[in-house]
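Enquirer: Provided herewith is a single structure, encoded as structure tokens, for subsequent inquiry.
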């Protein structure tokens, strides 16, 4: 017998408690929203009272619209919104005590817990395969073996808690990938999710252009709207200025990470323009490009070039036809952000050099990628197969004494921590994901082929961009990149005319276990097939 959804979320009716009609639910939601506006407008001096009122408002909204707000796509959208708009490591929840409670951590923990519970009790909730299980399992095995082989060193250095924290972070990346792949079940929901990502990133890009011109970062003032948040000030210094202009941070942890995020969203804006013909998505693509330039990031420039190469590879004819659109974009860039292109040319090719040939500095301080390469490879040669242990290299920062220099090369860091096996597994993950997308995208001349191309381009740009910065140290862009991996596999699953095998349901596993138990209890022996 089918179990109604109300049996999971709690019965809405009972003795003397008639169910709210849709009209009454809207009234309750409107009243709750109005109360929230009054609370925010009052700017109460006591943040404890304000936080309680905001919590009550959110609870009323949740009760009024629980059928919609508790759906998996909406919960995924809420995770995306928090990751995009509440800067990670810049805000904590006030009153969190000794534990740093960041909004995204709390939300992801709640959402994933609800998802796990639903998978266990609800036959309709499924964990969908991504097709990337092989490299993921190999990478996880490399992580565990690297830690097992270096457990004495980890205990001797007293960094076990830091290693566990890094491990939990990576686990959340993988879990959010599977959640994204499982939450979206239709083309319409996939398009809505992509629209949310692009629209949100466009707003961030607009704020980045404003920050580049004025120095004002609007994301440093979110605590004025949400008093429950406590801001952690950004570091200040010459590193945040390039070409005489402020490098935009936006909602990211660093201009490099912001540039990488905006570039990854660019191909999806082009897909939405091709699918709908709405010129505003083309405007959004231009804004995303300008926002990436506002970060002054050479990594962003490299990733833009990678996008163009991937589109030439998979959609050459259509890409050539769209190249003339770059001319008005260059003109707009010169008007809105004068001097940006010249600054980039001077930065990327300093005195006849190139993007990555930065010998000065070196010694692992994050300023000399090539200079760091030789010493790092010598260090890797001491433990080449499984490395020094995942998460054991803790780059220096202002808060505590650590044991490793900064390497502006995530691939090199992975090689040192989990060795050749882990390096190969991670490379296999990205190569396999891109090849699966490219194989389906190249012969598809429809707008769906452009969707698959957008996923392939974004994933490739992130993977190659990892060569020029420590990507996994920046949580926002890494979370989004793993979401895109999951959504890309969803796009493959939902491709027109494709009927993928259904995912394994947990109730089938339970049924098999019951049959085995009944067989054993009855004393029957199943003969082996010859």
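Numbering (my numbering), first residue to last: 1 to 530.
For glycine and all other residues, C-beta sits at the position ideal for the given N, C-alpha and C.
Kindly indicate the opening and closing residues of the beta strand (DSSP E) around residue 406.
Expert: Here residue 406 belongs to no beta strand (DSSP E), and DSSP marks it neither H nor E.
Enquirer: Name the DSSP beta bridge partners of residue 231, please?
Expert: 91
Enquirer: What residues match up with residue 443 in a beta bridge as DSSP calls it?
Expert: In the DSSP output, where bridge partners are listed per residue, residue 443 has none listed.
Enquirer: Per DSSP, what kind of secondary structure is residue 338 in: helix, strand or coil?
Expert: Three-state result, residue 338: coil.
Enquirer: Taking the straight line between their C-alpha atoms, what separation do you get for residue 129 and residue 429?
Expert: 14 angstroms
Enquirer: Give every residue of the same chain whose Cβ lies closer than 7 angstroms to the Cβ of residue 189, excluding the five residues on either side of it in the sequence, and list them in chain order.
Expert: 73
Enquirer: If you measure between the beta carbons of residue 557 and residue 392, is that distance less than 8 angstroms?
Expert: The question about residue 557 has no answer, for the chain in this structure spans 1 to 530.
Enquirer: In the DSSP assignment, find the unbroken alpha helix (DSSP H) run with residue 209 in it and report its ends.
Expert: 187–214
Enquirer: Just to confirm the assignment, what range does the alpha helix (DSSP H) spanning residue 165 have?
Expert: 160–183
Enquirer: How do the region 103–118 and the region 146–154 stand: do at least 3 beta-carbon pairs fall below 8 angstroms, yes or no?
Expert: no
Enquirer: Buried or exposed: which applies to residue 224, given that a residue is buried once 16 or more other Cβ atoms fall within 10 Å of its Cβ?
Expert: exposed
Enquirer: When the Cα atoms are used, what is the spatial distance from residue 473 to residue 80?
Expert: If you take the alpha carbons of residue 473 and residue 80, they lie about 18 angstroms apart.
Enquirer: Suppose you measure from the CA of residue 378 to the CA of residue 406; what does that come to, to the nearest Å?
Expert: Their Cα atoms are separated by approximately 16 angstroms.
Enquirer: Under 6 angstroms Cβ to Cβ from residue 252, same chain only, skipping five residues before and after it: list those, please.
Expert: For residue 252, where only same-chain residues beyond five positions count, the Cβ hits under 6 angstroms are 258 and 476.
Enquirer: For residue 109, count neighbouring Cβ atoms within 10 angstroms of its own Cβ and tell me buried if that reaches 16, exposed if not.
Expert: exposed
Enquirer: Which value, in whole angstroms, describes the spacing of the CA atoms of residue 210 and residue 226?
Expert: 22 angstroms
Enquirer: Where do the N-terminal and C-terminal ends of the alpha helix (DSSP H) with residue 476 fall, by residue?
Expert: 475–493
Enquirer: Going by the beta-carbon positions, is the gap between residue 201 and residue 262 smaller than 8 angstroms?
Expert: yes
Enquirer: Does DSSP classify residue 328 as helix, strand or coil?
Expert: helix
Enquirer: Within 10 Å of its beta-carbon, does residue 90 have 16 or more other beta-carbons around it, so buried, or fewer, so exposed?
Expert: buried
Enquirer: For residue 194, which of 273, 294 and 316 has the nearest alpha-carbon?
Expert: With distances taken between Cα atoms, residue 194 lies closest to 273.
Enquirer: On a CA-only basis, which of 467, 153 and 173 is nearest residue 256? Give me that one, please.
Expert: Taking only the C-alpha atoms, the option nearest residue 256 is 467.
Enquirer: Using the C-alpha atoms, what's the distance from residue 231 back to residue 104?
Expert: Per the coordinates, the alpha-carbon of residue 104 lies some 14 angstroms from the alpha-carbon of residue 231.
Enquirer: Tell me whether the region 476–495 and the region 446–463 touch, counting them as touching only if at least three CB pairs, one residue from each stretch, are closer than 8 angstroms.
Expert: Proximity of the region 476–495 to the region 446–463 meets the contact definition, three or more beta-carbon pairs being nearer than 8 angstroms.
Enquirer: Taking the alpha carbon of residue 384 as the reference point, which residue from 166, 127 and 412 has its own alpha carbon closest?
Expert: Closest by alpha carbon: 412.
Enquirer: If you compare alpha carbons, which of 450, 403, 172 and 382 is closest to residue 420?
Expert: 382
Enquirer: Helix or strand or just coil, what does DSSP make of residue 395?
Expert: strand
Enquirer: If distances are taken between C-alpha atoms only, which option among 177, 126 and 451 comes closest to residue 496?
Expert: Among 177, 126 and 451, the Cα nearest to that of residue 496 belongs to 451.
Enquirer: Just reading off the alpha helix (DSSP H) that residue 316 is part of, what are its end residues?
Expert: 316–322
Enquirer: Along the chain, where does the alpha helix (DSSP H) containing residue 271 start, and where does it finish?
Expert: Taken as a continuous stretch (DSSP letters only), the alpha helix (DSSP H) holding residue 271 covers 255–276.
Enquirer: Given a threshold of 16 other Cβ atoms within 10 Å of its Cβ, counted over all protein chains shown, does residue 310 qualify as buried or as exposed?
Expert: buried
Enquirer: Determine the direct distance from the alpha carbon of residue 133 to that of residue 376, and round the result to whole angstroms.
Expert: 30 angstroms
Enquirer: Taking the straight line between their C-alpha atoms, what separation do you get for residue 301 and residue 84?
Expert: 21 angstroms
Enquirer: Throw me the rounded Cβ distance for the residue 390 and residue 143 pair, which I believe falls under 8 angstroms.
Expert: 4 angstroms
Enquirer: From this set, 165, 415, 297 and 265, which residue's C-alpha is nearest residue 248's C-alpha?
Expert: 297
Enquirer: What residue does the alpha helix (DSSP H) around residue 83 start on, and which one ends it?
Expert: Per DSSP, residue 83 belongs to the alpha helix (DSSP H) from 72–85.
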